[in-house]
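Have a look at the structure below before the remarks.
2 protein chains.
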Amino acid sequence: MPELRLNLITREWVIIAKERARRPEDFKGIPLRRPQADYLKACPFCPGNEDKTPPEVFCVGDAEGRWRVRVVPNKFAALSDTGEVKRTRVGVKNMVAGVGRHEVIIETPLHNLNPALMEPSHVEELIHIYKNRFLDAYLDPRVEHVIIFRNHGERAGTSLEHPHSQLIATPVVPVQFRDRVMAAMHYFDDTGECMVCDVLKSELEDGSRVIFDSEHFLTFIPFAALSPFHTWIFPKRHSATFSTITEPEIKDLSLHLQGVLAKLHRGLNDPDYNFVLRSSRPKDAGNDYCHWYLSIIPRLTRTAGFEMGSGMYINTSLPEESAEFLRSTPID
Amino acid sequence: MPELRLNLITREWVIIAKERARRPEDFKGIPLRRPQADYLKACPFCPGNEDKTPPEVFCVGDAEGRWRVRVVPNKFAALSDTGEVKRTRVGVKNMVAGVGRHEVIIETPLHNLNPALMEPSHVEELIHIYKNRFLDAYLDPRVEHVIIFRNHGERAGTSLEHPHSQLIATPVVPVQFRDRVMAAMHYFDDTGECMVCDVLKSELEDGSRVIFDSEHFLTFIPFAALSPFHTWIFPKRHSATFSTITEPEIKDLSLHLQGVLAKLHRGLNDPDYNFVLRSSRPKDAGNDYCHWYLSIIPRLTRTAGFEMGSGMYINTSLPEESAEFLRSTPID
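One line per chain: the protein sequences are A and B, in this order. Residue 30 in our numbering sits at position 27 of the first sequence, and the numbers go up by one each step. Residue 327 in our numbering sits at position 324 of the second sequence, and the numbers go up by one each step.
Next comes the structure, spelled out in structure tokens:
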């Protein structure tokens, strides 16, 4: 019989299709077409084409002036970085001027690299830059919320194949975020505990869905994973906001993130995926019930009418089997 | 400058990328591979293969015993139709046995037909059957919520190409549904009005996003459409539940549904799409603030990390332009 599991943190019910479940190796796709060459003349993110992007806002490189990572405003920004946050309300219509920030973090000069194939120290440098840009975006008083994310492959919504992550800072708080904060707040009021801390403890005790466990982080497939190989990286230290991450934690996180992406790459033939950093603002650092984390969503299946119409999910994999599969997949 | 619009009913913010917006005709895909022949020997839904599906639970046909529409349990059901609704709660883990109902409505014997190409009277018959199955599913005391939906094409999650819709009845109320009911309730308490009725009035007065307006229904692109050509069909008479639909309303709805699907088919080269019926239960018929409707979501773009991480959307079309384009697209 199928089993419905409640994802306590996202508040979504997931149908775990036990009998219909495919084995982990069935999700192994045929290797997708990825860039072969490490340089593409026409690519605006490849070295030599720096004038094809807006001027960089941040950069790390070597003494000879060669950059390793560049951060530039998105040339086709979803939100404008100039203007006032003007709200308009006419009857049932609520509008806000589209001001905010949309940055591209060009992760490497190499056109054909990606985090699954990077050295952990390279990923560590990226996380440092995420922290820098996260803090910087919140200095803008027009910014209410910041999302850092990565789209890998066409199914994950990439339009440019050169390895990059993105930051979007919005002038409104997303309702989804507020809803989850509310749920976490009620949980805290009812139990005196942070929901994420409790889920972390439960996953650690159970162990069957754990992929990596270390001093500062736990990487696991959630009990009610929304889709096959949906993976969470939770910091063990309670903190509402990513901005409090310490040096040793950044180093540890880089091993988790690079490691799990490498396992997905190797185990499932480099699947398309998104990853997303979910965090409160720096000024909510003292919050007791919010807890930042990183979510990785391989794009192995498609959402259909049922998911759209209900907000529920049908997961055709067993989280425990997927975790076992990733545990036994070597990193390199 | 881009504009953020709040979708009052789904409670999602949408970035309307004004400068980046593509023109309506830019969403015209290359014609996708659709079935050519009206019969496929290997198709379990084609006539002659009735023994390849579980026994039918409902059927309409002619005096010679030829069926026009068949309803069968899904052979690979997401939920089991036998068993008890057993809830289990262990620490942070909430589970429910996966009992419920999963039916397939085989819309026609013809393998290559689809609602965009059907006679409106055929769509009318389908809506009658939706009503029948909707009411029937709620007779089961284990059922808490019913979703009726259609997946058209691979991007919309179809696995079998023979034209069909589906019904899934779940033993839990989806959190997404509850959240929207709560928002509608607060709106009602604040204003004394149904939110859907108010949005309907506003769209009628404005007119710029209307596709069809008739005695009983309004078809329009919402002010804060979540994605290009996202379309809503609202019943003008306030009713919380689809189960109260009358004969004249069914006839009128069939013209709207078939008409707008035909316009999408013709105007955008038969795009993949989902449609979903959003409705309260029959026993909530007296509810003042819930209002059923039908949502059509063409799958013209992909959600990426930003949408996943925020629950916000970036719409690269202008709802007003899309509506104008569909208004001027002939039905046949």
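Note that beta-carbon positions come from the ideal geometry of N, C-alpha and C, so glycine has one too. Source: prediction; values computed, not measured.
Distance between Leu-7 (chain A) and Ile-130 (chain B), taken at the CA atoms: about 29 Å. Counting the other CB atoms within 10 Å of its CB gives Thr-319 (chain B) a total of 16 or more, which places it among the buried residues. Chain A places a beta carbon closer than 7 Å to that of Phe-152 (chain B), counting this residue as a contact. Residue ranges of uninterrupted alpha helix (DSSP H) with 4 or more members, entirely inside the stretch 78-142 of chain B and ordered along the chain, are 123-141.
The C-beta of Phe-232 (chain A) comes no closer than 7 Å to any C-beta of chain B. By the neighbour-count definition (other C-beta atoms within 10 Å, threshold 16), Ala-288 (chain B) is an exposed residue.
The C-alpha of Leu-43 (chain B) is placed about 10 Å away from the C-alpha of Asn-52 (chain B). Ile-19 (chain A) and Ile-317 (chain A) have their C-alpha atoms some 6 Å from each other.
Exclusion of the five residues before and after Cys-200 (chain B) leaves His-241 as the residues of its chain whose Cβ lies within less than 6 Å of its Cβ. Assigned with DSSP and collapsed to three states, Arg-71 (chain B) falls in strand. When rounded, the separation of the alpha-carbon atoms in His-155 (chain A) and Ser-283 (chain B) is 38 Å. With a threshold of 16 other beta carbon atoms within 10 Å, Gly-103 (chain B) meets it and is buried. Annotation for Pro-285 (chain A): Leu-138, Tyr-141, Thr-244 and Ser-246 place their beta carbon closer than 7 Å to its own, counting only its chain and skipping 5 residues before and after.
Lys-55 (chain A) sits exposed, since fewer than 16 C-beta atoms from the chains shown fall within 10 Å of its C-beta. Just measuring C-alpha positions, the residue of A:Lys-96, A:Phe-180 and A:Ala-100 sitting nearest Tyr-296 (chain A) is A:Phe-180. Secondary structure of Glu-15 (chain B) (DSSP, three-state): strand. Only those residues of the stretch 159-189 of chain B whose C-beta falls short of 8 Å from the nearest C-beta of chain A are listed: Ala-159, Gly-160, Thr-161, Gln-169, Ile-171, Thr-173, Pro-174, Val-175, Pro-177, Val-178, Gln-179, Phe-180 and Asp-182. Boundaries of the beta strand (DSSP E) harbouring Asp-216 (chain B): 213-216, taken from the DSSP string. Of the candidates A:Val-88, A:Thr-13 and A:Glu-110, the residue whose Cα lies closest to the Cα of Met-98 (chain A) is A:Val-88. DSSP, read as helix, strand or coil, puts Val-184 (chain A) in helix. Residues of chain B with a Cβ closer than 9 Å to the Cβ of Leu-11 (chain A) are, in chain order, Val-95, Lys-96 and Asn-97.
In this structure, Arg-183 (chain B) keeps its C-beta atom at 7 Å or more from the C-beta atom of Glu-323 (chain B).
Pro-144 (chain B) and Arg-136 (chain B) have their alpha carbons spaced roughly 15 Å apart. The Cβ of Arg-14 (chain A) sits closer than 7 Å to at least one Cβ of chain B. The way I'd put it, the stretch 65-82 of chain B doesn't touch the stretch 192-206 of chain A; fewer than three beta-carbon pairs between them come closer than 8 Å.
Assignment of Val-60 (chain A) by DSSP, reduced to helix, strand and coil, places it in the coil class. Assigned with DSSP and collapsed to three states, Val-202 (chain B) falls in helix. Contact annotation: in the stretch 198-222 of chain A, residues whose CB is within less than 8 Å of a CB in chain B are Met-198, Asp-201, Val-202 and Ser-205. Using a Cβ-Cβ cut-off of 7 Å, Leu-82 (chain A) is close to Pro-5 and Ile-18 of chain B, given in chain order.
Membership of Phe-328 (chain B) in the alpha helix (DSSP H) is indicated by the continuous run 322-330. Across the structure, Ser-83 (chain B) and Thr-249 (chain B) are spaced so that their CA atoms are roughly 32 Å apart. Rounded to whole angstroms, the Cβ separation of Ala-227 (chain A) and Tyr-292 (chain A) is 20 Å, and the two are not in contact under 8 Å. Counting only runs of 3+ residues, the beta strand (DSSP E) found wholly inside the stretch 257-283 of chain A occupies 276-281, in chain order. Rounded to whole angstroms, His-219 (chain B) and Lys-254 (chain B) show a C-alpha spacing of 10 Å.
With a threshold of 7 Å between beta carbons, Gly-314 (chain A) makes contact with chain B. Taking C-alpha positions only, Ile-33 (chain B) is separated from Asn-272 (chain B) by approximately 7 Å.
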